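Structure, as structure tokens:
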Amino acid sequence: MPVRLVVFDIAGTTLADERAVSTAFRNAFRVYGFTVNEEDIKPLMGYKKPVAIHNLLEAIGVTPEDDLINDIYREFEIEMLDHYEYSSDVKPMPGAEEVMLALKEKGLLVALNTGFSKAIADAIMKRLQWVERGLVDHYIASDEVIEGRPQPFMIQELMHRAGVDDPQQVIKIGDTEVDVNEGLNAGCALVIGITTGAFTREQLEPYLPDHIINHLSELPSLISAID
């Protein structure tokens, strides 16, 4: 069955992340007197961010009360919005735009999903202008569905928006455990891990993606092989 839709993660997959996300987490926790480190944060990349905060609080032995989660998240979102609106570090992952263009030229639909909120996703898309430039057809954030990754709901909603009925016409690519599990749970034709973000090849392998790649430029040939 021919592939029609390719769903990419954003930060760490199509958008370079020079530790901006983990820095925002650390700073948000620090406001409330808590310390979290990079190794605590990395396994939670890709999750809906309030869920990540909940899990981080548990990891440091703090009761994850809703008000505290909301307060920490608010600080996180403020820093992320400022970063994506103004930082000179905001740039596409090498090869991302070229790969998107190549897929579009083949007639495929390109979509993005993210563990960020819609407010942050909108700020990223406004900055990069990927929709306006014809590189991205659809994008969705984790707070637009009932539950984020690893549940398949974001992919299913993107399929609905794109008019794609069969997950065997969908490919998912991302840099974290929950990206892989999201694609597997959605029943995608191909689920691909990439080592440009939070997880190494060795960290991705236990989750059994169909392929693990080191650069987005490897993606078109994988799609051609099954199309």
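In our numbering, the protein residues as written are 18 to 244. Glycine residues also receive a C-beta, built at the ideal position from the N, C-alpha and C atoms. All values derive from a computational prediction rather than experimental measurement.
Quick check on this structure: which residue in the options has the alpha carbon closest to the alpha carbon of residue i?
i      : options                           : result
Gly78  : Phe42, Glu219, Lys65 and Val53    : Val53
Ile27  : Met142, Ser241 and Arg43          : Met142
Val107 : Glu219, Leu221, Ala33 and His71   : Ala33
Ala158 : Ile209, Met18, Val20 and Val24    : Val24
Gly191 : Gln146, Ile209, Ala76 and Leu175  : Ile209
Glu94  : Val197, Glu55, Asp154 and Asn44   : Asn44
Glu96  : Glu194, Ala41 and Thr193          : Ala41
Ile240 : Glu164, Glu194, Ala119 and Glu161 : Ala119
Phe46  : Lys59, Met18, Leu85 and Pro19     : Leu85
By the 10 Å Cβ neighbour count, where 16 or more other Cβ atoms means buried, how is residue i classified, buried or exposed?
i      : result
His177 : exposed
Gly214 : buried
Gly50  : exposed
Ala36  : The sequence shown places Arg at residue 36, not Ala. Exposed, since its Cβ has fewer than 16 Cβ neighbours within 10 Å.
His232 : exposed
Arg166 : buried
Asn130 : buried
Gly29  : buried
Thr80  : exposed
Met245 : An answer regarding residue 245 cannot be provided, because it is not within the stretch 18 to 244 covered by the chain.
Ser39  : buried
Ala242 : exposed
Pro19  : exposed
My assumption, with CB atoms under 8 angstroms, is that residue i sits in contact with residue j. Please give the rounded CB distance.
i      : j      : result
Gly151 : Gly63  : With 8 angstroms as the limit, Gly151 and Gly63 do not qualify as a contact, their Cβ atoms being about 27 angstroms apart.
Ala179 : Leu22  : 5 angstroms
Leu61  : Leu74  : In fact, because the Cβ distance is near 11 angstroms, the residues do not count as touching under 8 angstroms.
Glu82  : Val48  : Between Val48 and Glu82 the Cβ distance is about 16 angstroms, and since that is not below 8 angstroms, they are no contact.
Glu174 : Glu161 : 7 angstroms
With distances taken between CB atoms, is the gap from residue i to residue j smaller than 8 angstroms?
i      : j      : result
Val127 : Lys135 : no
Ile229 : Leu221 : yes
Glu149 : Ile172 : no
Gly112 : Ser234 : yes
Lys66  : Tyr90  : yes
Asp57  : Ala76  : yes
Met117 : Val153 : yes
Thr193 : Phe216 : yes
Glu115 : Arg144 : no
Val197 : Tyr156 : no
Taking Cβ positions only, does residue i come closer than 8 angstroms to chain C?
i      : result
Asp139 : In the structure shown, chain C does not exist; there is a single protein chain.
Meets three-Cβ-pair contact criterion under 8 angstroms: the segment 179-188 and the segment 203-222: yes
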